[in-house]
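Asks: This is the structure I have questions about; it appears just below.
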Amino acid sequence: MSYKFTKIVYLILLLGICNVFAQPRHKSVFIETNIFPNGEDYRCFISFRIPYKNLVFIKNNGEYLSGLTFTIEAHLNDEIYTRQSSGEKLSTADYNKTESSDDFIQGVVSIDLPSGKYKIEPIFNLSNTKRTVKLPSFNIALDADSGKILQPIVLENKKIELNGIEYLELVNYSNVIPFTANKINLLIPLHDLSIPEINVTVVQNDEEIIEKKIESLGVSSINIDKFSNDIGINFFDGDTKLNLFLLSGFSEKLNEGNVKIKIEAVDFEKEFNLNVEWVDKPFSLMDPEFAIKLLENLVDKNTVKNLLNGDEDEYYDKLKEFWAPKDPVKETALNEIMYEFYSRADGAISKFATVDLRNGAKTDRGKIYIKYGDPDNIVRTYSDNNEVIEIWKYKSPKKEFTFIDRSGLGNFSLY
Numbered sequence: 001m002s003y004k005f006t007k008i009v010y011l012i013l014l015l016g017i018c019n020v021f022a023q024p025r026h027k028s029v030f031i032e033t034n035i036f037p038n039g040e041d042y043r044c045f046i047s048f049r050i051p052y053k054n055l056v057f058i059k060n061n062g063e064y065l066s067g068l069t070f071t072i073e074a075h076l077n078d079e080i081y082t083r084q085s086s087g088e089k090l091s092t093a094d095y096n097k098t099e100s101s102d103d104f105i106q107g108v109v110s111i112d113l114p115s116g117k118y119k120i121e122p123i124f125n126l127s128n129t130k131r132t133v134k135l136p137s138f139n140i141a142l143d144a145d146s147g148k149i150l151q152p153i154v155l156e157n158k159k160i161e162l163n164g165i166e167y168l169e170l171v172n173y174s175n176v177i178p179f180t181a182n183k184i185n186l187l188i189p190l191h192d193l194s195i196p197e198i199n200v201t202v203v204q205n206d207e208e209i210i211e212k213k214i215e216s217l218g219v220s221s222i223n224i225d226k227f228s229n230d231i232g233i234n235f236f237d238g239d240t241k242l243n244l245f246l247l248s249g250f251s252e253k254l255n256e257g258n259v260k261i262k263i264e265a266v267d268f269e270k271e272f273n274l275n276v277e278w279v280d281k282p283f284s285l286m287d288p289e290f291a292i293k294l295l296e297n298l299v300d301k302n303t304v305k306n307l308l309n310g311d312e313d314e315y316y317d318k319l320k321e322f323w324a325p326k327d328p329v330k331e332t333a334l335n336e337i338m339y340e341f342y343s344r345a346d347g348a349i350s351k352f353a354t355v356d357l358r359n360g361a362k363t364d365r366g367k368i369y370i371k372y373g374d375p376d377n378i379v380r381t382y383s384d385n386n387e388v389i390e391i392w393k394y395k396s397p398k399k400e401f402t403f404i405d406r407s408g409l410g411n412f413s414l415y
C-alpha cells in the first residue's frame with residue numbers, strides 16, 4: 001500500500017472521529033497581505049502558511065516529499081491584470097512531521113500594481129496530486145490618499161541573520177496577532193520621513209493595555225522574502241523609503257478578540273483594528289461544555305455540575321475563572337496550565353480512541369495521560385493469558401501505572 005493511499009485512509013478515519021465530537025478545526029491555510037508604496041505604484045506581498053498535515057507526501061528513498069505552487073491572480077475590471085507564482089518543495093525523513101500541525105511550509109509572492117481596486121485570487125497546486133485549490137478571493141483598494149500611516153505589520157520578537165542579511169520574522173498568520181505568551185511586535189510604517197517619534201495606545205475591551213512613545217528606527221525601503229523556511233522583512237536603500245517604528249511589550253497582555261491600535265504623530269492620527277486569535281487553540285477547548293466535562297479528570301462531579309449551571313454563553317468565562325488561580329504566570333493573558341491540560345486532552349482523544357470508546361480522553365490511559373502527560377518510559381509485555389500489558393513509568397512525580405488489554409481490541413484498563 002502506498003504512503004499516499006495510507007494517508008488518505010488515515011484522514012478518512014480521522015474525519016470520522018472528528019465528526020463524532022463535531023469539533024471545529026484549525027485553519028488549513030493562512031494568507032497574509034502587506035502592501036507598501038513603490039514609486040507611484042504599490043508592491044503587494046502576499047504570503048502563505050500551511051501546516052504539513054494539510055499537504056500530500058509521497059515516500060521516496062526514505063524521504064517524504066511534498067510541495068506546492070502558489071499563484072496570485074490580480075483582477076481589474078473583471079479581467080486578469082497580472083499573475084505571479086512561486087513554487088515550494090520540502091522533504092523530511094520523519095514520518096511524524098507529515099502529520100504535524102506545528103510544522104509549516106511558507107512562501108511569498110510579490111506583485112506590483114498601480115492605484116485601483118483589485119480582486120485577488122490565491123490558487124494552490126498541490127504536489128503529488130492533480131488538485132488545484134482556489135481559495136476565496138478578497139479585494140484590495142490601492143489609493144494614494146489612503147493615509148499617512150500604513151497598516152502595522154505583525155512580527156516575531158527576534159532578529160535573524162542569514163547569509164549576511166538581517167531580517168525580522170513575519171508572524172504570517174493572516175495579519176492577526178497570535179494569542180500567546182511569546183512576545184509579538186508591531187512594525188508601524190509612516191510616509192512622513194521627518195517624524196522622530198509617535199505615540200501608540202493599545203486598547204482592548206475598553207481597557208488601556210499600554211500607552212507609550214516610540215522613537216523612529218530610521219528610514220528605509222522594505223522587502224519581504226523567504227529566508228530558509230521563514231518569511232521575513234529586510235531593509236534596504238531603495239528609491240521609496242518609509243519611516244519605521246517598532247512597538248513591543250504589549251502582546252502578552254492581550255486576550256482573544258479585537259484590539260485597537262491608536263497611532264498619533266504630530267498633527268495626524270489613525271486607529272487600526274486588529275484581531276487576536278488563538279491559532280493553535282486546543283480542539284477540546286473550542287467547545288466550552290466539552291472542555292468543562294473534561295475537568296472530571298481533576299475535580300469532583302459537583303464542581304463540574306456547578307460550572308455547567310447557567311447560560312451556555314457563560315461557559316468559557318467560567319472555565320477561565322476556574323483555571324485563573326492555577327495560572328503560573330499572572331503577567332500574561334495566556335494561562336499556560338490551562339493550555340497544557342487541554343493540549344493533553346487533545347492528545348488523549350486521538351491517541352487512545354478505540355472502536356468501543358471513541359473519546360480517548362475517557363479511557364483509563366487517556367485519563368492518566370491528561371493528568372501526567374507523556375510517560376518517561378513505556379514497557380509492553382504479555383500476561384500468561386496472552387493479554388497485552390502496558391506499564392507507564394514517570395520519573396517526576398515518581399509514578400507507575402499498569403494497563404491490561406483483555407479484549408485484544410485496544411481497550412486497556414487500569415490494573
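In the numbering used here, the protein residues as written are 1 to 415. Note that the Cβ used here is the ideal one computed from N, Cα and C, for glycine as well.
Do N297 and L246 come within 8 Å of each other at the CB atom, strictly closer than that value?
Replies: The residue labelled residue 246 in the question sits at position 246 within the sequence shown. The residue labelled residue 297 in the question sits at position 297 within the sequence shown. No, Cβ-Cβ distance for L246 and N297 is not below 8 Å.
Asks: Just to confirm my understanding: we take L295, look at its own chain, exclude 5 residues before and 5 after, and list those with CB closer than 8 Å. What are they?
Replies: Numbered from its first residue, the sequence shown carries residue 295 at position 295. Once the five neighbours on either side are set aside, the close Cβ partners of L295 are T303, V304, L307 and F322.
Asks: Can L168 and G232 be called in contact, C-beta distance under 8 Å?
Replies: Position 168 of the sequence shown, counted from the start, is the residue given in the question as residue 168. Position 232 of the sequence shown, counted from the start, is the residue given in the question as residue 232. Yes. Within cutoff.
Asks: Going straight from the alpha carbon of D102 to that of Y52, what length do you get?
Replies: For the purposes of this step, residue 102 is taken as residue 102 along the sequence shown, with counting starting at 1. For the purposes of this step, residue 52 is taken as residue 52 along the sequence shown, with counting starting at 1. Their backbone Cα atoms lie some 8 Å apart in a straight line.
Asks: In the DSSP assignment, what are the bridge partners of P189?
Replies: Counted from its first residue, the sequence shown places residue 189 at position 189. In DSSP, P189 forms a bridge with L244.
Asks: Excluding sequence positions up to five away, which residues of its chain have a Cβ less than 6 Å from the Cβ of E215?
Replies: Locating residue 215 in the sequence shown gives position 215, where the first residue counts as 1. Cβ neighbours of E215 beyond the five flanking positions: E197.
Asks: For E252, report the span of its alpha helix (DSSP H) as first-last.
Replies: In the sequence shown, the residue the question calls residue 252 occupies position 252. First-last for E252: undefined, no H or E at that position.
Asks: Expressed to the nearest angstrom, what Euclidean distance is found between the alpha-carbon atoms of L193 and I222?
Replies: To locate residue 193, count along the sequence shown from 1; it is residue 193. To locate residue 222, count along the sequence shown from 1; it is residue 222. Between L193 and I222, the C-alpha separation is close to 14 Å.
Asks: So S220 and L187 are in contact, right, with Cβ under 8 Å, and what is the actual spacing, rounded?
Replies: In the sequence shown, residue 220 corresponds to position 220, counting from 1. In the sequence shown, residue 187 corresponds to position 187, counting from 1. Going by Cβ atoms, the distance from S220 to L187 rounds to 11 Å, so no, they are not a contact pair.
Asks: Using CA coordinates, which residue listed in N377, F70, P375 and T402 is at the minimum distance from E387?
Replies: Indexing the sequence shown from 1 puts residue 387 at position 387. Nearest C-alpha to E387: T402.
Asks: So for L150, helix, strand or coil by DSSP?
Replies: Counted from its first residue, the sequence shown places residue 150 at position 150. L150: coil per DSSP, three-state reduction.
Asks: Are the CB atoms of I149 and S251 nearer to each other than 8 Å?
Replies: Position 149 of the sequence shown, counted from the first residue, corresponds to residue 149. Position 251 of the sequence shown, counted from the first residue, corresponds to residue 251. Not closer than 8 Å, so no.
Asks: Expressed to the nearest angstrom, what Euclidean distance is found between the alpha-carbon atoms of S446 and F268?
Replies: Examination of residue 446 is not possible in this model, given that the chain is present from 1 through 415 alone.
Asks: Helix, strand or coil for F179? Go by DSSP, reduced to three states.
Replies: Position 179 of the sequence shown holds residue 179. In the structure shown, F179 sits in coil (DSSP, three-state: anything other than H, G, I, E or B).
Asks: For the ligand FMN, any of its heavy atoms closer than 7 Å to the Cβ of D356?
Replies: Absence of the ligand FMN from the depicted structure is noted, as is the absence of any ligand whatsoever, leaving it without description.
Asks: So, under 8 Å CB-CB, I46 and I72 are touching, yes? Tell me the CB distance rounded to an integer number of Å.
Replies: Counting from one through the sequence shown, the residue named residue 46 turns up at place 46. Counting from one through the sequence shown, the residue named residue 72 turns up at place 72. Yes, I46 and I72 are in contact; Cβ-Cβ is about 5 Å, under 8 Å.
Asks: Please state the DSSP three-state secondary structure of P51.
Replies: The count along the sequence shown starts at 1 and reaches residue 51 at position 51. In the structure shown, P51 sits in a strand (DSSP, three-state: E or B).
Asks: In whole angstroms, give me the CA-to-CA distance for Q23 and F236.
Replies: The residue labelled residue 23 in the question sits at position 23 within the sequence shown. The residue labelled residue 236 in the question sits at position 236 within the sequence shown. Because the pLDDT of Q23 is 49, which lies under 50, any placement of that residue in the model is unreliable, and the number read from its coordinates should be weighed accordingly. Each residue's Cα considered, the two are about 46 Å apart.
Asks: Where does L334 fall in DSSP's three states?
Replies: Numbered from 1 along the sequence shown, position 334 holds the residue referred to as residue 334. Reduced to three states, the DSSP call for L334 is coil.
Asks: On a Cα-Cα basis, can you pick out the residue from V259, P375 and M338 that is closest to K320?
Replies: Translated into positions along the sequence shown, residue 320 becomes position 320. Nearest of V259, P375 and M338 to K320, Cα basis: M338.
Asks: Quick one: what does DSSP say W323 is sitting in, helix, strand or coil?
Replies: Counting from 1 along the sequence shown, the entry for residue 323 is found at position 323. Helix.
Asks: Using alpha carbons as the reference points, say which of Y372, L242, I368 and K183 lies closest to Y415.
Replies: Against the sequence shown, residue 415 aligns to sequence position 415. Y415 has its Cα closest to that of I368, out of Y372, L242, I368 and K183.
Asks: Could you round the C-beta distance between H75 and K119 to whole angstroms and report it? I think they count as a contact, below 8 Å.
Replies: Residue 75 sits at position 75 when you count from the first residue of the sequence shown. Residue 119 sits at position 119 when you count from the first residue of the sequence shown. That belief holds up - the Cβ atoms of H75 and K119 are roughly 4 Å apart, short of 8 Å.
Asks: Could you tell me the alpha carbon to alpha carbon distance between L113 and I292, rounded to whole angstroms?
Replies: Locating residue 113 in the sequence shown gives position 113, counting from the first residue. Locating residue 292 in the sequence shown gives position 292, counting from the first residue. So the two alpha carbons sit approximately 50 Å from each other.
Asks: Nearest to K97 by CA position, among Y64, K183, N128 and S86, is which residue?
Replies: Taking the sequence shown and counting its residues from 1, one reaches residue 97 at position 97. With distances taken between Cα atoms, K97 lies closest to Y64.
Asks: Tell me which same chain residues have a C-beta within less than 8 Å of the C-beta of D239, skipping the five on either side of it?
Replies: What you label residue 239 is simply residue 239 of the sequence shown in a count that begins at 1. So the list reads G39 and S221, once near-sequence residues are dropped.
Asks: For Y42, count neighbouring Cβ atoms within 10 angstroms of its own Cβ and tell me buried if that reaches 16, exposed if not.
Replies: If you number the sequence shown from 1, residue 42 lands on position 42. With 16 or more Cβ atoms within 10 Å of its Cβ, Y42 is classed as buried.
Asks: Tell me, which residues are paired with R365 by DSSP?
Replies: The residue you call residue 365 lines up with position 365 of the sequence shown. According to DSSP, which records beta bridges pairwise, R365 is partnered with nothing at all.
Asks: Below 8 Å between beta carbons: does that hold for E156 and S137?
Replies: Residue 156 sits at position 156 when you count from the first residue of the sequence shown. Residue 137 sits at position 137 when you count from the first residue of the sequence shown. Going by C-beta atoms, E156 is not nearer than 8 Å to S137.
Asks: Expressed to the nearest angstrom, what Euclidean distance is found between the alpha-carbon atoms of V279 and K330?
Replies: Position 279 of the sequence shown holds residue 279. Position 330 of the sequence shown holds residue 330. V279 and K330: Cα-Cα distance of roughly 21 Å.
Asks: Tell me which residue opens and which closes the alpha helix (DSSP H) that P122 is part of.
Replies: Against the sequence shown, residue 122 aligns to sequence position 122. P122 -> not in any alpha helix (DSSP H); beta strand (DSSP E) instead, spanning G116 to L126.
Asks: Is it buried or exposed, D346, if we count other Cβ atoms within 10 angstroms and call 16 or more buried?
Replies: Start at 1 with the first residue of the sequence shown, and residue 346 comes out as number 346. Buried, because 16 or more other Cβ atoms sit within 10 Å of the Cβ of D346.
Asks: If I153 and V202 are in contact, beta carbons under 8 Å, what's the gap, nearest whole angstrom?
Replies: For the purposes of this step, residue 153 is taken as residue 153 along the sequence shown, with counting starting at 1. For the purposes of this step, residue 202 is taken as residue 202 along the sequence shown, with counting starting at 1. The Cβ separation is near 15 Å, so there is no contact.
Asks: Whose C-alpha, out of K159, K130, I370 and N258, is nearest the C-alpha of V299?
Replies: Taking the sequence shown and counting its residues from 1, the one referred to as residue 299 is at position 299. Of the candidates K159, K130, I370 and N258, the one whose C-alpha sits nearest the C-alpha of V299 is I370.
Asks: Taking the straight line between their C-alpha atoms, what separation do you get for R419 and D206?
Replies: Not covered by the structure: residue 419. The range shown for the chain is 1 to 415.
Asks: In this structure, does DSSP put E156 in helix, strand or coil?
Replies: One-based indexing of the sequence shown puts residue 156 at position 156. Correct three-state label for E156: strand.
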